[in-house]
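> Structure provided below as structure tokens; questions to follow.
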Amino acid sequence: MKTGLTILALFFTAFTAAAEINPQRAQFNYQMSCQGCHAPDGSGANAVPRMRDFVGNFLVTQAGREYLVRVPGSAVSALSDTDLAEVLNWIVVEFAGDSVATPFEPYSSQEVGRLRQQPLNEVVQYRAQLLADIASTNRRE
Amino acid sequence: MKLIDGFLDKLFEQQTRQLAQRSSRRGMLKTLGGFLVGAGAIPLLPVARAAAAEEAPGRPVEEGDPASCDYWRYCAIDGFLCSCCGGSENTCPPGTEMSPVTWIGTCRNPADGRNYVISYNDCCGKSSCGACLCQRDEGDRPPYRPDKTNDINWCLGTTSATYHCSTAIVVGVAFEGK
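Protein sequence lines correspond, in order, to chains A and B. Each residue of the first sequence is one higher than the last, beginning at 1 in the working numbering. Each residue of the second sequence is one higher than the last, beginning at 1001 in the working numbering.
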């Protein structure tokens, strides 16, 4: 019984340490900086891209992974690098669903801080090209 | 038959006496009590707490008149109150459509002293309501911060871009830790 509890405790510690997400803080930051357009469940609206069951597709390529940080909503948001990394990780865990194929390597604040220095301007065209590249990558595999 | 009855009587009597000798009534209470305390501790586990926290913010204790600009949820609003236009602080008037794209702020609820996340979804599809204009604008930023300005028409994502009135829906509790 005691061993069981110890294992359980270790499991919880390991899990939270790996993800480093405070769900309450991440959700609050999502609500304040993203939800207004992307909707409470990440489903988007009209021209606002859907993240729910889709956002994981971008993680297939390095350019796609970088894209999620370089889109204006991320790159020029008022969030700190640490908070932005946490929100992005929370979005993937919360909304990506089956669109994440491989185990997800969480964003670090350093990675986010570096990537957001190159925000995208022509997002719509860039995104379309990116998704075409990702589709051909998936076909080759 | 009598033989069997006698045998059964004896067997049960023997069993009952043995049970009474081996166990105490308090022992039963102790075991039951242990289970009760144990069950009470389960909701303290992080998983259960997270689930409970999600349910809580929906219905804060409230005071005030939703048809008055002083109502606590309107701290960051800029527009006509749907409560004065045939709708409510949570719903659009008949004949209008709620915009899924919206601007979001926080307001302090005087009833419990906590800050809540408020979604100011506009109702669209009819010309301006014109009643109860309310401009409190806390947290409003200039249009170069488009996600944090309430000066633009938020009737985006609806079939019509014509603005009618604004709601103020509680969507969560503000995170106030670090």
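All residues carry an ideal CB built from backbone N, CA and C; glycine is no exception.
Just to make sure I have the definition right: I need the residues of chain B whose C-beta is within less than 7 angstroms of the C-beta of N46/A. Which are they?
Numbered from 1 along the first sequence, position 46 holds the residue referred to as residue 46/A. Under the 7 angstroms cutoff, chain B gives G1157.
> Within its chain, find whatever has a CB closer than 8 angstroms to the CB of L115/A; leave out the 5 residues flanking it on each side and keep chain order.
Position 115 of the first sequence, counting from 1, holds the residue named residue 115/A. Closer than 8 angstroms at the Cβ level, and outside the excluded window around L115/A, lie E66, V69, R70, A75.
> With a threshold of 8 angstroms between beta-carbons, can P106/A be considered close to chain B, or not?
The sequence position of residue 106/A within the first sequence is 106, counting from 1. It does not: the Cβ of P106/A has no partner Cβ on chain B nearer than 8 angstroms.
> Which whole-angstrom value is the C-beta distance of I1152/B and P1142/B, which I expect to be below 8 angstroms?
As a working note, residue 1152/B is residue 152 in the second sequence. As a working note, residue 1142/B is residue 142 in the second sequence. In fact, because the Cβ distance is near 11 angstroms, the residues do not count as touching under 8 angstroms.
> So, at 8 angstroms on beta carbons, what are the nonlocal neighbours of A63/A in its own chain, with the 5 sequence-adjacent residues on each side left out?
Your numbering for residue 63/A matches position 63 in the first sequence. Closer than 8 angstroms at the Cβ level, and outside the excluded window around A63/A, lie L130, D133.
> Identify which residue in G1006/B, D1009/B, C1069/B, K1010/B has its Cα closest to the Cα of A1131/B.
Working through the second sequence from its first residue, we reach residue 1131/B at position 131. The shortest C-alpha separation from A1131/B is found at C1069/B.
> Taking the alpha-carbon positions, what's the I21/A to D1122/B distance?
In the first sequence, residue 21/A corresponds to position 21, counting from 1. In the second sequence, residue 1122/B corresponds to position 122, counting from 1. Cα-Cα distance, rounded: 32 angstroms.
> Do E1176/B and N1109/B have their C-beta atoms within less than 8 angstroms of each other?
Mapped onto the second sequence, residue 1176/B falls at position 176. Mapped onto the second sequence, residue 1109/B falls at position 109. No, the Cβ-Cβ distance between E1176/B and N1109/B is not below 8 angstroms.
> Cβ of V1117/B within 8 angstroms of Cβ of F95/A?
As a first step, residue 1117/B must be located in the second sequence, where it is residue number 117. As a first step, residue 95/A must be located in the first sequence, where it is residue number 95. Their beta carbons are not under 8 angstroms apart, which means V1117/B does not touch F95/A by this criterion.
> When you compare the CB of S80/A with every CB in chain B, is at least one pair closer than 8 angstroms?
Translated into the one-based positions of the first sequence, residue 80/A becomes position 80. No, its Cβ sits nowhere closer than 8 angstroms to a Cβ of chain B.
> Would you call the CB atoms of T1162/B and G1125/B closer than 8 angstroms?
Within the second sequence, numbered from 1, the residue matching residue 1162/B stands at position 162. Within the second sequence, numbered from 1, the residue matching residue 1125/B stands at position 125. Yes, the Cβ-Cβ distance between T1162/B and G1125/B is below 8 angstroms.
> Leaving out five residues on either side along the sequence, give the residues of the same chain with a beta carbon under 6 angstroms from the beta carbon of G1087/B.
Position 87 of the second sequence holds residue 1087/B. So the list reads P1093, once near-sequence residues are dropped.
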